[in-house]
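Residue numbers (our numbering): 11 to 102.
Ideal Cβ placement from N, Cα and C applies to all residues, glycine included.
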(Lines of atoms letter the chains of each structure in order from A and count residues from 1; the text may use other names and numbers.)
(Lines give C-alpha, C1' and ligand atoms only; values in the text may rest on other atoms or scores of the structure.)
Protein backbone atom coordinates (compact mmCIF):
# COMPACT_ATOMS: atom_id res chain seq x y z
CA UNK A 1 0.00 0.00 0.00
CA UNK A 2 1.22 3.50 -0.87
CA UNK A 3 0.16 6.51 1.12
CA UNK A 4 0.39 10.28 1.00
CA UNK A 5 0.04 12.70 3.89
CA UNK A 6 0.49 16.33 2.95
CA UNK A 7 -0.95 19.32 1.17
CA UNK A 8 -3.56 19.11 -1.58
CA UNK A 9 -5.83 21.51 -3.41
CA UNK A 10 -9.48 20.79 -4.11
CA UNK A 11 -10.63 22.31 -7.41
CA UNK A 12 -14.32 23.19 -7.43
CA UNK A 13 -16.39 23.15 -10.61
CA UNK A 14 -16.86 26.92 -10.40
CA UNK A 15 -13.09 27.48 -10.48
CA UNK A 16 -12.53 28.07 -6.78
CA UNK A 17 -9.55 26.40 -5.12
CA UNK A 18 -9.49 25.16 -1.53
CA UNK A 19 -6.29 24.21 0.31
CA UNK A 20 -6.49 20.99 2.30
CA UNK A 21 -4.43 18.55 4.30
CA UNK A 22 -4.73 15.18 2.58
CA UNK A 23 -4.39 11.72 4.06
CA UNK A 24 -4.61 9.35 1.10
CA UNK A 25 -3.81 5.68 0.53
CA UNK A 26 -3.61 3.46 -2.55
CA UNK A 27 -3.92 -0.33 -2.43
CA UNK A 28 -2.18 -2.88 -4.67
CA UNK A 29 -5.02 -2.81 -7.20
CA UNK A 30 -4.56 0.96 -7.66
CA UNK A 31 -7.77 1.97 -5.88
CA UNK A 32 -7.27 5.01 -3.66
CA UNK A 33 -9.20 6.82 -0.95
CA UNK A 34 -8.73 9.03 2.05
CA UNK A 35 -9.67 12.28 3.72
CA UNK A 36 -9.34 15.96 2.97
CA UNK A 37 -9.20 18.28 5.95
CA UNK A 38 -9.89 21.98 5.56
CA UNK A 39 -8.61 24.05 8.48
CA UNK A 40 -10.85 27.04 7.77
CA UNK A 41 -14.20 26.13 9.34
CA UNK A 42 -15.89 28.94 7.37
CA UNK A 43 -15.58 26.73 4.26
CA UNK A 44 -18.19 24.27 5.53
CA UNK A 45 -21.02 25.87 3.54
CA UNK A 46 -18.98 25.97 0.32
CA UNK A 47 -17.88 22.33 0.61
CA UNK A 48 -20.74 20.61 2.41
CA UNK A 49 -22.54 19.22 -0.64
CA UNK A 50 -19.60 18.43 -2.91
CA UNK A 51 -20.17 14.93 -4.30
CA UNK A 52 -17.23 14.74 -6.72
CA UNK A 53 -14.30 16.81 -7.83
CA UNK A 54 -10.66 17.16 -8.66
CA UNK A 55 -7.64 17.50 -6.44
CA UNK A 56 -4.03 18.42 -7.06
CA UNK A 57 -1.23 16.76 -5.12
CA UNK A 58 2.17 18.29 -5.90
CA UNK A 59 0.68 19.46 -9.22
CA UNK A 60 -0.63 15.99 -10.12
CA UNK A 61 -4.37 15.83 -10.83
CA UNK A 62 -6.77 13.27 -9.45
CA UNK A 63 -10.51 12.80 -9.59
CA UNK A 64 -12.67 11.66 -6.72
CA UNK A 65 -16.22 10.94 -5.66
CA UNK A 66 -17.70 11.57 -2.25
CA UNK A 67 -20.51 9.05 -1.94
CA UNK A 68 -21.67 10.16 1.50
CA UNK A 69 -22.10 13.90 2.08
CA UNK A 70 -23.14 13.25 5.68
CA UNK A 71 -19.66 11.96 6.55
CA UNK A 72 -18.18 15.32 7.48
CA UNK A 73 -16.81 16.37 10.80
CA UNK A 74 -16.49 19.97 11.91
CA UNK A 75 -16.98 22.23 14.86
CA UNK A 76 -16.99 26.00 15.18
CA UNK A 77 -13.30 26.18 16.05
CA UNK A 78 -11.96 23.14 14.27
CA UNK A 79 -11.33 21.68 10.87
CA UNK A 80 -13.83 20.33 8.34
CA UNK A 81 -12.98 16.80 7.10
CA UNK A 82 -14.52 14.84 4.23
CA UNK A 83 -13.93 11.27 3.02
CA UNK A 84 -13.23 10.68 -0.67
CA UNK A 85 -12.89 7.70 -3.02
CA UNK A 86 -10.50 8.03 -5.94
CA UNK A 87 -11.81 7.74 -9.46
CA UNK A 88 -9.02 6.92 -11.87
CA UNK A 89 -5.26 7.13 -11.32
CA UNK A 90 -4.01 8.34 -7.94
CA UNK A 91 -2.37 11.79 -7.90
CA UNK A 92 0.44 10.59 -5.63
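Spatial neighbours of residue i in its chain, beta-carbon cut-off 6 Å, leaving aside the 5 residues before and after
i	result
residue 12	36
residue 93	45, 81
Residues of its chain near residue i, where Cβ-Cβ distance is below 8 Å and the 5 sequence neighbours each way are ignored
i	result
residue 70	101, 102
residue 38	11
residue 26	56
Whole-angstrom C-beta distance between residue j and residue i, which should lie under 8 Å
i	j	result
residue 49	residue 99	That belief does not hold up - the Cβ atoms of residue 49 and residue 99 are roughly 27 Å apart, past 8 Å.
residue 67	residue 22	Residue 67 to residue 22, Cβ: 16 Å. No contact.
residue 6	residue 58	For residue 6 there is no data in the structure shown, the boundaries of the chain being 11 and 102.
residue 63	residue 20	6 Å
Whether residue i touches residue j by CB criterion (9 Å)
i	j	result
residue 34	residue 47	no
residue 60	residue 76	yes
residue 53	residue 28	yes
Close beta carbons around residue i, own chain, < 7 Å, minus the five adjacent residues each side
i	result
residue 18	30, 32, 46, 65, 66, 67
residue 16	32
Item to check | Whole alpha helix (DSSP H) elements within the segment 24 to 61, 4-residue minimum | outcome: Complete alpha helix (DSSP H) runs here, min 4: 54 to 57.
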